[in-house]
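Chains G and Z, in that order, give the protein sequences.
FYI, in our numbering the residues of the first sequence are 18 to 805.
FYI, in our numbering the residues of the second sequence are 1324 to 1490.
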Amino acid sequence: MPKDHGIGASTKRREDLRFLTGRGRYTDDINLPGQAHACFVRSQVAHGRLNGVNTDTAAAMPGVIRIFTAADFEGVGGLPCGWQVTDRHGAPMQEPGHPVLARGKVRHVGDPIALVVAESYDQARDAAEAVVVDIEELEPVLDMKAALAESAPKVHDELTSNLCYDWGFVEENREAVNKAFETAHHVTTLELVNQRLVPNAMEPRVAIGDYNFATDDSTLYTTSQNPHVIRLLMGAFVLGIPEHKLRVVAPDVGGGFGSKIFHYAEEAAVTFAAKQLRRPVKWTCTRSESFVTDAQGRDHVTKIELALDAEGHFQAIRTETYANMGAYLSTFAPSIPTWLHGTLMAGNYRTPLIYVNVKAVFTTTVPVDAYRGAGRPEATFQLERVIDKAAREMGIDPVELRRRNFITEFPYATPVAVEYDTGDYNATMDKLLEIADVAGFEARLAESKARGKLRGLGVNCYIEACGIAPSQLVGQLGARAGLYESATVRVNATGGLVVMTGSHSHGQGHETTFAQVVADMIGIDEKMVEIVHGDTANTPMGMGTYGSRSLAVGGSAMVKATNKIIAKARKIAAHLMEASPEDIELKDGRFTVAGTDKSVAWGDVTLAAYVPHNYPLDEIEPGLEETAFYDPNNFTYPAGAYACEVEVDPETGKVTIERFAAADDFGNVVNPMIVDGQVHGGIGQGIGQALLETTTYDEYGQLLSGSYMDYAMPRASDVPFYVVDHSCQTPCTHNPLGVKGCGEAGAIGSPPAVVNAVVDALQRAGHTHITHIDMPLTPSRVWAVMQG
Amino acid sequence: MTKVTMTVNGKAVSGEVEGRTLLSQFLREGLGLTGTHVGCDTSQCGACVVHVNGQDVKSCTTFALECEGAEVRTIEGMANPDGSLSVIQQAFQDHHGLQCGFCTPGMVMTAAALLARNPTPSEAEIRHYLEGNICRCTGYHNIVKAILAASGQDVSHLGHGDAVAAE
């Protein structure tokens, strides 16, 4: 029987009621009294010297209040980067400045040059078009390898080159890995592109700055996954406002997928302008602006080599990757191709020697940072593709080759610095083969063939490191922040609870899931637990939601705080029943003296805490409110196996996803319905990457795929129903809930399954020269390779 | 500025608008009906879908002045008169057909228009009809499932059973 409440139940989401009736409160739904509207003047060219900005005509236009340029931001700091990577020679990465408004140069189409504030948005936009910008165009920097040539124009004149860093991991293994390749029985090599993607949360970014002259307090309402991080970065590094004078509110947020982690120039600009003008300033991003300002994802060019012995055992892996940083370092950009990518290169397999080289490069394009999976999809894609290619070259079944190399003993320390605590990769593979009905593939293949279609099956595994992250470890790796999470549990006199969490929900359903956990721990109705998030004024300092960390890290903080509550409540109950706290049991919301029929209800205890007439005041304080911070001591390692079946139309090259199955091990699961939904969404994005999406700049650095007319988002008719399963559960060993995180798995595991399936279909049809096709597998690309 | 008058969710409303004022702007800024969302500027995403005289239209691509005298229905007007969720809204909750909620108003309005026209659509018909609505969160599985369920069709083979413990 499925559970009907608490941990393990598919409780319906409470947030749905407001979203389904139009009563959500997203940032753009907020309008403050006296609010002015902002529109940014942006660079129309990829690279140029900014010789002047003339605002005279624009400033005289109707409704215009003020126009800000870089000169107004002289005393303001630049946008900070939150992670410093050290290169393979021990030197720090090259870290260019990132002004709020462009100063001296523009470095990508969309780079903000001026901020026009007017009485209405239309007036601000009209005036922005009248601002005259004098830009001397410079040669754009687009191709990463060309950007590293001695003669290449520099994106940042103050740097020695366009190379951000040349990272080697593990550098000490470099020679041993090279040696292993010299003596290997077989080496499989694959060169591939993990194309640049635009995250495309459906809610465009919005920022509203507000300033209270009476108290000198600033408030920023923004579309963020981590309001506390924005407060710290913007307050301390950009505007010089201490945290106690700055409040950041991220209300309902319409999706993030990484793109709303980062601190963006517009947030600082409107907060600054609001203080200058002493009135609220609101900016709403258009979708066209999103395409040229939201940090983008992926954009790796990789060569991977896999050395195998005669039996197909992996001996060594060597990779060389060029990773595009874009024009500036976005908040966590340097960490994505390094610590979130190189550390995952072992995958689910025993490979004794691994060396990963990453060259991060500046180009005159939109900055690149985390997008769902962030580094881990790039690692998984190259590894699972090269394994498939190796299996074909050596004549070994691809599932068998994987099984032959699976890690089966835990904990397992990889040669790339992480220790997997638990897992059972054979179990998820077995489950996958069952739910994907791989046994029935041959029959379906014959049926496709009868209709003149090619059919292929792709299978792969994935592992990710999430629950980010142990603070001391990431500090050693260059993080300039801690990555704990926090929770305050406030119990009210009549027994209801408010949980204030540093995590942030922007589609994940925390208000429901977190309430399930706390209610289950105490044994009360979920309706008695309210989850509060998204406002620095009423939540403890927390690092927010990304990297599938909310339940594993934020949930653990909540469990810790709730355990403190229960411990104190037990003492109160013991006093009320004149018993010893050790003898008190809590079950179904009642405290009982063990072995007796004496009991008090949860509400009796909470009331006593706030009306302490009969209360152990000499031992404990009145009240029932506890805060906990949880800093994990390891990452969590969700893993699984995915299968995709495609049909390819040999006439047109069009690929159709016929079946998709995912068997995941997320450890324990709190709300299976929500976990299913997270996997579905990740798979949808992964199929989007595999078949449809790409970001294209022309030779001048203009973004050609700059709207939904040009950037192919997956639609309902591009995807099938998915078969997902998370019944294989090896609970995480180091957090109290035994949970691993499920937010990114689908996006990590699905792209290689699709590409493996298409290559399989083409191989089966006799196109044996086709061993790889770069994503997206559009009809024209597939058709072209089929023509040889 | 020109005066425009229309009926929105059963109530007569009017306001002063510019020629360029979009219906989505009029609803959100003029009437404070912020349930209608704007997710793009090329009429592609469908977060802004409302019904005008029973037809599902993209309010970001419709001028407010075009709706003079029209009957407009938005997500705020979709619940039952007693405030409870309508069948289609309830199906979205029961089958987890929404995550961040941003595309949801447009999805519900589009789905309602489909079901009014075709009370028992096939999976393929649903997917085709959602061509003009983009969701980035759900991978569409549970949206299609919710619409099938709202039309009374069996969805028990499509993953986890109905959600439990209604709020």
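All C-beta atoms, glycine included, are put in the ideal place defined by N, C-alpha and C.
All values derive from a computational prediction rather than experimental measurement.
When Ala55/G, Arg798/G, Val772/G and Arg781/G are compared, the shortest CA-CA separation from Asp405/G is found for Val772/G.
Counting the other CB atoms within 10 Å of its CB gives Asp537/G a total of 16 or more, which places it among the buried residues. CA-CA distance, Ala1439/Z to Val546/G, rounds to 39 Å. When DSSP states are grouped into helix, strand and coil, Val223/G belongs to the strand group. Straight-line spacing of the CA atoms in Val1373/Z and Glu1399/Z works out to 10 Å.
Under the Cβ distance rule, Thr1330/Z does not count among the residues neighbouring chain G, no pair being separated by less than 7 Å. At a Cβ-Cβ threshold of 7 Å, Leu494/G and His280/G do not count as neighbours. If you check the CB distance, Leu214/G and Gln706/G come in under 7 Å.
Three or more Cβ pairs closer than 8 Å define a contact, and the stretch 668-679 of chain G meets that threshold against the stretch 734-747 of chain G.
Using a 10 angstroms sphere on the CB of Thr72/G, the tally of other CB atoms reaches 16 or more, which defines it as buried.
Counting C-beta pairs closer than 8 Å gives three or more between the stretch 480-488 of chain G and the stretch 648-656 of chain G, which meets the contact rule. Taking Gly1406/Z as reference, the option from Leu256/G, Gly65/G, Gly41/G and Leu34/G with the minimal CA-CA separation is Leu34/G.
Sequence-distant partners of Ala408/G (beyond 5 residues in either direction) whose C-beta falls short of 6 Å from its own C-beta, in its chain, are Pro415 and Leu418.
Contact note: Ser724/G reaches chain Z through Cys1363, Asp1364, Thr1365 and Gln1367, using a C-beta cutoff of 8 Å and chain order. Contact annotation: in the stretch 1438-1464 of chain Z, residues whose CB is within less than 9 Å of a CB in chain G are Glu1446, Ala1447, Ile1449, Arg1450, His1451, Tyr1452, Leu1453, Glu1454, Gly1455, Asn1456, Ile1457, Cys1458, Arg1459, Cys1460, Thr1461, Gly1462, Tyr1463 and His1464. The three-state secondary structure of Pro689/G, taken from DSSP, is helix. If you check the CB distance, Gly524/G and Gln1422/Z come in under 7 Å. Taking the Cα of Asp791/G as reference, the smallest distance to any Cα among Lys581/G, Leu209/G, Leu325/G and His22/G is reached at Leu209/G. By the C-beta density criterion, Arg1343/Z is exposed, having fewer than 16 other C-beta atoms within 10 angstroms.
The DSSP assignment places 53-59 as complete runs of the beta strand (DSSP E) inside the stretch 22-68 of chain G, in order along the chain (cut-off: 3 residues). Unbroken alpha helix (DSSP H) stretches of 4 residues or longer found wholly inside the stretch 475-556 of chain G: 488-493 and 527-539, given in chain order. Under the Cβ criterion (8 Å, minimum of three pairs), the stretch 641-649 of chain G does not count as touching the stretch 729-739 of chain G. Bounds of any beta strand (DSSP E) do not take in Ala164/G; it lies within the alpha helix (DSSP H) bounded by Met161 to Ala164.
In the structure shown, Val383/G falls within a coil segment according to DSSP collapsed to helix, strand and coil. If you ignore the 5 residues before and after Ile452/G, its C-beta comes within less than 7 Å of the C-beta of Ala678, Ala680, Val740 and Asp742, all in its own chain and listed in chain order. If you ignore the 5 residues before and after Thr795/G, its C-beta comes within less than 6 Å of no other C-beta in its own chain.
Rounded to the nearest whole angstrom, the CA to CA distance from Lys588/G to Asn752/G is 26 Å. When C-beta atoms of the stretch 559-567 of chain G are compared with those of the stretch 753-770 of chain G, three or more pairs fall below 8 Å, so the two segments count as touching.
If you check each beta-carbon in the stretch 1393-1427 of chain Z against every beta-carbon of chain G, the ones closer than 8 Å belong to Thr1397, Ile1398, Glu1399, Met1401, Ala1402, Leu1408, Gln1412, Phe1415, Gln1416, Asp1417, His1419, Leu1421, Gln1422, Cys1423, Gly1424, Phe1425, Cys1426 and Thr1427. In the three-state scheme derived from DSSP, where H, G and I count as helix and E and B as strand, Gly571/G is classed as helix. Look at the beta carbons and you see the stretch 377-390 of chain G touching the stretch 342-359 of chain G: at least three pairs across the two are nearer than 8 Å.
For Thr310/G, the secondary structure class from DSSP, reduced to helix, strand or coil, is helix. Between Ala778/G and Leu450/G the beta-carbon gap is near 19 Å, outside 8 Å, which marks them as no contact. Counting C-beta atoms within 10 angstroms of its own C-beta, Gln489/G has fewer than 16 neighbours from the protein chains shown and is therefore classed as exposed.
The C-beta distance from His1419/Z to Met690/G rounds to 5 Å, short enough to meet the 8 Å contact threshold. Residue state for Lys1334/Z is assigned as strand, using DSSP reduced to three classes.
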